[in-house]
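A.B. asks: Attaching a single structure in structure tokens format; questions to follow.
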Amino acid sequence: MGNTLIFGASGQLGQCLAHVAKERNTPGLVFPPEAEANILNPAKLRALFEQHRPAYVVNCAAYTAVDKAEDELDLARKINRDGVENLARLCGEFGTTLIQISTDFVFAGTGNTPLVETDEAAPISVYGLTKLEGEQVIAAHTGQFFILRTSWLYSEYANNFVKTMLKLGRERDELRIIWDQTGTPCYAIDLAGCVLTIIETQNQHHGIYHYSNEGVTSWYDFATAIFELSGTPVKTVPIRTAEYPTKATRPAYSVMDKTKAKTVLGVAIPHWRASLAVCVGRLE
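FYI, in the working numbering the residues of the sequence shown are 32 to 315.
Next comes the structure, spelled out in structure tokens:
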């Protein structure tokens, strides 16, 4: 099967990959320290490729500060586009398959039917734009790639919506949560399982895939479920997006159709609430 290099190993998905790989006893995963694995440093990247001769590279490294990105276009583009291009170029040279993590933010979110991989990408934020640019530079350097678009990522690791809600729910009597943005949460442990399935099965059906958990919800209903499952007695108040202005505009509807991932990658995808129950149970 060969070695797999994980970039962004200390982030949420990187930590989930380490967790699931240990559970599944998946061999060959290499988690280089950030100092050696800077995707903006082509010389260090080449040294890693020459040392490990990876069959796969999983890129979890990204600029993900959605609102901050509106003021830091150059930095976001450097990481989300140029860093990806550095990896893609080396993957093409070494015959390595690149697994790139992308986002529902590549879509405008103005529709009301689940998004398929061939739907037009039209980002409405700097973050979404730079992530789309990252997708687009890959094909110029390699045909061996999987782009996994995900949404509303959370887990026991790093900072995310679930952990923030649990913290605020303990500190406050009432929380105001947006109800008019619709999407699907994704338990990063499940996404990590999808990534490892691609590697373990040596799947050759390269291309773009959508992966989140099943079902549809709003941020308000997501938060309510977190509090129900954790037994947190906090009052939740639904509010509109306009009542909670942010620097970056979010897609109003970003539910993604996962049919392709299920049929071509052969992955079973749990309902978002079932996966949330697992995560909350592990956090308590």
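We put the CB at the ideal spot given by N, CA and C, even for glycine.
Remember, it's a predicted structure, so these values are computed and weren't measured experimentally.
Roughly how far, in whole angstroms, is the beta-carbon of SER306 from the beta-carbon of ASN244, given that I think they are within contact range, below 8 Å?
C.D. replies: Their Cβ separation, rounded to whole angstroms, is 5 Å, which keeps SER306 and ASN244 in contact under 8 Å.
A.B. asks: Taking CB distances under 8 Å as the criterion, tell me whether ALA299 reaches chain B.
C.D. replies: Looking at the structure shown, chain B is missing, and only one protein chain is on hand.
A.B. asks: Return the chain-ordered list of same chain residues with a C-beta closer than 8 Å to the C-beta of THR272, the five sequence neighbours on each side being excluded.
C.D. replies: Within the same chain, THR272 has close Cβ partners ILE209, ASP211, GLN212, ARG281, ALA283.
A.B. asks: Taking its Cβ as the centre, do 16 or more other Cβ atoms sit within 10 Å of GLU151, making it buried, or is it exposed?
C.D. replies: By the neighbour-count rule (16 or more Cβ atoms within 10 Å), GLU151 is not buried but exposed.
A.B. asks: Per the DSSP calculation, MET287 is bridged to which residue(s)?
C.D. replies: LEU146, per the DSSP bridge assignment.
A.B. asks: Since GLN131 sits in a beta bridge, which residues does DSSP pair it with?
C.D. replies: According to DSSP, which records beta bridges pairwise, GLN131 is partnered with ASN90, ILE178.
A.B. asks: Could you name the residues that DSSP lists as bridge partners for LYS266?
C.D. replies: Answer by DSSP bridge pairing, in chain order: GLU205.
A.B. asks: Would a C-beta distance cut-off of 8 Å place VAL89 and ILE37 closer than the cut-off?
C.D. replies: For VAL89 and ILE37, yes; Cβs fall inside 8 Å.
A.B. asks: In the DSSP assignment, the beta strand (DSSP E) including PHE38 goes from what residue to what residue?
C.D. replies: It spans 35 to 38 - the beta strand (DSSP E) in which PHE38 sits, taken as one unbroken run.
A.B. asks: Check VAL61 in the structure and name its three-state DSSP category.
C.D. replies: Correct three-state label for VAL61: strand.
A.B. asks: In terms of residue numbering, what span does the alpha helix (DSSP H) encompassing TYR251 cover?
C.D. replies: Counting along the chain, the alpha helix (DSSP H) containing TYR251 begins and ends at 250 to 261.
A.B. asks: Is there contact between the region 162 to 173 and the region 111 to 131, where contact requires at least three CB pairs shorter than 8 Å?
C.D. replies: With a cut-off of 8 Å, the region 111 to 131 and the region 162 to 173 count as touching, because enough Cβ pairs lie within range.
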